[in-house]
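Enquirer: My questions will all concern the structure given below.
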Amino acid sequence: MKRTLTLTMLLALSLAPSARATNEADYKAAYAAAEAASKEAATMRNQWTTTVSTLAAAKKAGDGGDFNGAVAAAKEAEALAKASVFQATSEKEAWKAMEIR
Amino acid sequence: MKAGSALLLSSVSAALVALALTAPSVVAADKVDPATDAKAFQNFFFQKFPDVKHEDFVNGPYSMSEDMKRQWQEKEEFPPYEFALDAGKEMFSTPFKNGKTYADCFPNGGNGIRQNYPYFDTKEGKVVTLELALNRCREANGEAPYSYVKDEMASLTAYMAFTSRGKPMDIKIPDDARAREAFENGKRYFYTRRGQLNFSCASCHVQSPGERIRAEVLAPALGILNAMPIYRSEWSGMGTISRRFITCNSQTRAVPLEPQSDEYRDLEYFLSYVANGLPISGPGARP
C-alpha cells in the first residue's frame, strides 16, 4: 500500500505543470536527468519498457521542437525510471515474502 | 477481469506482507538447501491442486482445465510441432562442414538426455542450459550459433525433448558453493517483482495458475519447463525457453534480459531443479 502510494506520488509530483514557458535548455536538462535515472535502472538490470518508450517520445518531441511535450515526457520517463530503481532496491529483500517455504 | 483483480489484490497484499517484515533475515549462502526448497515447492502445488495427478503438472495450462485438456488430446493426434520435430531430427543427423554431428557433443549421442539440463559446470562455474550447449556445440565445430528465440533452436530442443519423453527431470546441484549460489539466484529472480506492473514470475505462475489472463490459462510453475519447447498458435510457430522468458518479462513491461544471460540460466536451473521427478513432456502445443 505504502509502496503504491510512493509510486503514485513520484509520478504526480513530476507531472505537475510548471509556470513559465519551456525552452530547449529545459528540455535538455530534463532529458539528461531522465537519461541518468534510466541508466541507473539499466545497471540494476531492472529497466521498464515504458521508461524506454517514454524517453524515446521525449527525444522525438525535442527533436521536433515541441519543448513542452518533450519536457513533460522526459519528466515522466524520469519518474518511471526512478520508480523502477525503487522497485529493484526494495525487492532486494521483499522478494522473500513471496517465497514458497 | 476476475483474474486481473485477483492478481492486483494479491500484489497489494504481498506488498503489505513485505512491509510487515521489518527485519528480514539474510539467508547465508551455506544455509541454502535446495532439496528442502524443492520439496516445499512441490507440496505447495500438490496441496493447492489435490485433483491434479502429479505427473500432469508438466502439461502447463492443460493440467488446470479439463475442457482444455480434451481439446489438447484431440490436437495431439496431429500435433502442430510435428514439422519442428522432423526438422530437428534431420538437423541432428546432418553432419557439420567438418563431418561431425551434434551427437558428438553430447552424452549418449544426445539421445534421451533432456532431463539432465540445465547442469552446473564446475569448470566454468556456471549453469549450462541445453540451448547454450547446442550453440556451443555448433561453434566448437565451426558453425555460426543459432538465434535463441527462433525456429532452428526450437527444432533441435524439440527433437531432444522428444527422445527423452517420460524421463523424470533429474537436475543435480553439485557440492559447490557456486552451484548453490546459482540456484539461489534463480530462486530470487523467480520471486522478484519487476516491470511497471510490479509482477514476479510467482505472481502469475504460483499465485494464479488456472486463472485466465486475457484469453490464456496460466500454467503452474511446477514442471513449467518440462514441456518446452512449445508450439503456440499465437506465435504461429515454436518457442524456446529463452523466447518464453523474454515474452513473460515483456508482459509485465519489464525490459527482457539477453537470452542465456546469467540470470536466465540460473532461473532455468531453479525451475528445473524444483521439478525433479516430474516427466519430460516436450515438445508441447498450446492454443
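Here the protein sequences come in this chain order: A and B.
Using our numbering, the letters of the first sequence correspond one by one to residues 2 to 102.
Using our numbering, the letters of the second sequence correspond one by one to residues 103 to 389.
Idealized CB from N, CA, C, for every residue including glycine.
On a Cα-Cα basis, can you pick out the residue from B:308, B:140, B:265 and B:187 that is closest to residue 382 of chain B?
Expert: On the second sequence, position 280 is the one that residue 382 of chain B refers to. The shortest Cα separation from residue 382 of chain B among B:308, B:140, B:265 and B:187 belongs to B:265.
Enquirer: Restricting to Cα atoms, I'd like to know which of B:162, B:242, B:311 and B:385 is closest to residue 53 of chain B.
Expert: Outside the modelled stretch of chain B, which goes from 103 to 389, sits residue 53 of chain B, for which no answer is possible.
Enquirer: Comparing the C-beta of residue 99 of chain A with each C-beta of chain B, is any distance below 8 Å?
Expert: Counting from 1 along the first sequence, the entry for residue 99 of chain A is found at position 98. Answer yes: the Cβ-Cβ gap between residue 99 of chain A and chain B drops below 8 Å somewhere.
Enquirer: What residues from the segment 292–318 of chain B come within 7 Å of chain A, judged by C-beta to C-beta, listed N to C?
Expert: Residues passing the 7 Å Cβ filter: 293, 294, 295, 296, 297, 298, 300, 302, 304 and 308.
Enquirer: Closer than 8 Å is the cut-off here; do at least three beta carbon pairs connect the segment 290–303 of chain B with the segment 141–150 of chain B?
Expert: The segment 290–303 of chain B is not in contact with the segment 141–150 of chain B.
Enquirer: Count the other C-beta atoms from every protein chain shown that fall within 10 angstroms of the C-beta of residue 104 of chain A, then say buried if there are 16 or more, exposed otherwise.
Expert: Because residue 104 of chain A is not part of the residues shown, which for chain A are 2 to 102, the question remains open.
Enquirer: I'd like the list of long-range same chain contacts for residue 160 of chain B, defined as Cβ closer than 8 Å, with 5 residues on each side in sequence excluded.
Expert: Reading the second sequence from its first residue, position 58 is the one you call residue 160 of chain B. Cβ neighbours of residue 160 of chain B beyond the five flanking positions: 325, 328, 329, 377, 380, 381, 382 and 383.
Enquirer: Just the Cα atoms here: how many angstroms apart are residue 286 of chain B and residue 70 of chain A?
Expert: Reading the second sequence from its first residue, position 184 is the one you call residue 286 of chain B. Reading the first sequence from its first residue, position 69 is the one you call residue 70 of chain A. The alpha-carbon atoms of residue 286 of chain B and residue 70 of chain A are separated by roughly 44 Å.
Enquirer: Please return the same chain residues whose Cβ sits closer than 8 Å to the Cβ of residue 166 of chain B, not counting the five positions on each side in sequence.
Expert: Mapped onto the second sequence, residue 166 of chain B falls at position 64. If we look at residue 166 of chain B and ignore the five residues flanking it on each side, its Cβ neighbours are 151, 154, 311, 312, 319, 320, 321 and 322.
Enquirer: Using a Cβ-Cβ cut-off of 7 Å (strictly less than) and excluding sequence neighbours within five positions of residue 197 of chain B, which residues of its own chain qualify?
Expert: Working through the second sequence from its first residue, we reach residue 197 of chain B at position 95. Once the five neighbours on either side are set aside, the close Cβ partners of residue 197 of chain B are 203.
Enquirer: Measure the Cβ-Cβ separation of residue 54 of chain A and residue 82 of chain A and say whether it is below 8 Å.
Expert: By one-based count along the first sequence, residue 54 of chain A stands at place 53. By one-based count along the first sequence, residue 82 of chain A stands at place 81. The answer is no: Cβ separation not under 8 Å.
Enquirer: Are the beta-carbon atoms of residue 52 of chain A and residue 85 of chain A separated by less than 8 Å?
Expert: Here the question's residue 52 of chain A lines up with position 51 in the first sequence. Here the question's residue 85 of chain A lines up with position 84 in the first sequence. Yes, they are a contact pair.
Enquirer: Give a yes or no on whether 8 Å exceeds the smallest Cβ distance from residue 352 of chain B to chain A.
Expert: Position 250 of the second sequence, counting from 1, holds the residue named residue 352 of chain B. Taking Cβ atoms only, chain A reaches closer than 8 Å to residue 352 of chain B, which makes this a yes.
Enquirer: Enumerated in chain order, which unbroken segments of the beta strand (DSSP E) with a length of 3 residues or greater are wholly contained in the segment 284–345 of chain B?
Expert: Fully enclosed beta strand (DSSP E) runs of 3 or longer: 332–334 and 339–341.
Enquirer: Let me make sure I understand the geometry here. Which of B:212, B:342 and B:138 has the alpha-carbon closest to that of residue 255 of chain B?
Expert: Translated into the one-based positions of the second sequence, residue 255 of chain B becomes position 153. If we check each option's Cα against that of residue 255 of chain B, B:342 comes out closest.
Enquirer: One question on the structure: do residue 95 of chain A and residue 35 of chain A come within less than 8 Å of each other, judged by their Cβ atoms?
Expert: As a working mapping, residue 95 of chain A is identified with position 94 in the first sequence. As a working mapping, residue 35 of chain A is identified with position 34 in the first sequence. Result no, Cβ atoms of residue 95 of chain A and residue 35 of chain A do not sit closer than 8 Å.
Enquirer: Are the beta-carbon atoms of residue 344 of chain B and residue 366 of chain B separated by less than 8 Å?
Expert: Taking the second sequence and counting its residues from 1, one reaches residue 344 of chain B at position 242. Taking the second sequence and counting its residues from 1, one reaches residue 366 of chain B at position 264. Contact flag set, yes.
Enquirer: On the three-pair Cβ rule with 8 Å, is the segment 202–216 of chain B touching the segment 332–342 of chain B?
Expert: Cβ pair count under 8 Å is below three, so no.
Enquirer: At a CB distance below 9 Å, what residues from the segment 61–95 of chain A approach chain B? Give them in sequence order.
Expert: Cβ contacts with chain B: 81, 84, 85, 88, 89, 91, 92, 93, 94 and 95.
Enquirer: Cβ closer than 8 Å: which chain B residues qualify as neighbours of residue 51 of chain A?
Expert: Working through the first sequence from its first residue, we reach residue 51 of chain A at position 50. Ordered by position in chain B, the residues that pass the 8 Å Cβ test against residue 51 of chain A are 298 and 355.
Enquirer: Quick check: the segment 218–235 of chain B against the segment 271–284 of chain B, are there 3 or more CB pairs under 8 Å?
Expert: Short answer: they touch.
Enquirer: Compute the Euclidean distance between the alpha carbons of residue 212 of chain B and residue 291 of chain B, then round it to the nearest angstrom.
Expert: Here residue 212 of chain B is taken as the residue at index 110 of the second sequence, counted from 1. Here residue 291 of chain B is taken as the residue at index 189 of the second sequence, counted from 1. If you take the alpha carbons of residue 212 of chain B and residue 291 of chain B, they lie about 30 Å apart.
Enquirer: In angstroms, rounded to a whole number, what distance separates the CA positions of residue 370 of chain B and residue 272 of chain B?
Expert: Translated into the one-based positions of the second sequence, residue 370 of chain B becomes position 268. Translated into the one-based positions of the second sequence, residue 272 of chain B becomes position 170. Between residue 370 of chain B and residue 272 of chain B, the C-alpha separation is close to 13 Å.
Enquirer: Output needed in chain order: residues of the segment 28–51 of chain A with a Cβ under 7 Å from some Cβ in chain B.
Expert: Per Cβ criterion, the list reads 46, 47, 48, 49, 50 and 51.
Enquirer: Once you ignore the five residues that flank residue 235 of chain B on each side, which residues in its own chain have a CB closer than 8 Å to its CB?
Expert: Here residue 235 of chain B is taken as the residue at index 133 of the second sequence, counted from 1. So the list reads 207, 208 and 219, once near-sequence residues are dropped.
Enquirer: Taking 8 Å as the cut-off, decide whether the C-beta atoms of residue 191 of chain B and residue 248 of chain B are in contact.
Expert: Along the second sequence, read from residue 1 onward, the residue named residue 191 of chain B stands at position 89. Along the second sequence, read from residue 1 onward, the residue named residue 248 of chain B stands at position 146. The answer is no: Cβ separation not under 8 Å.
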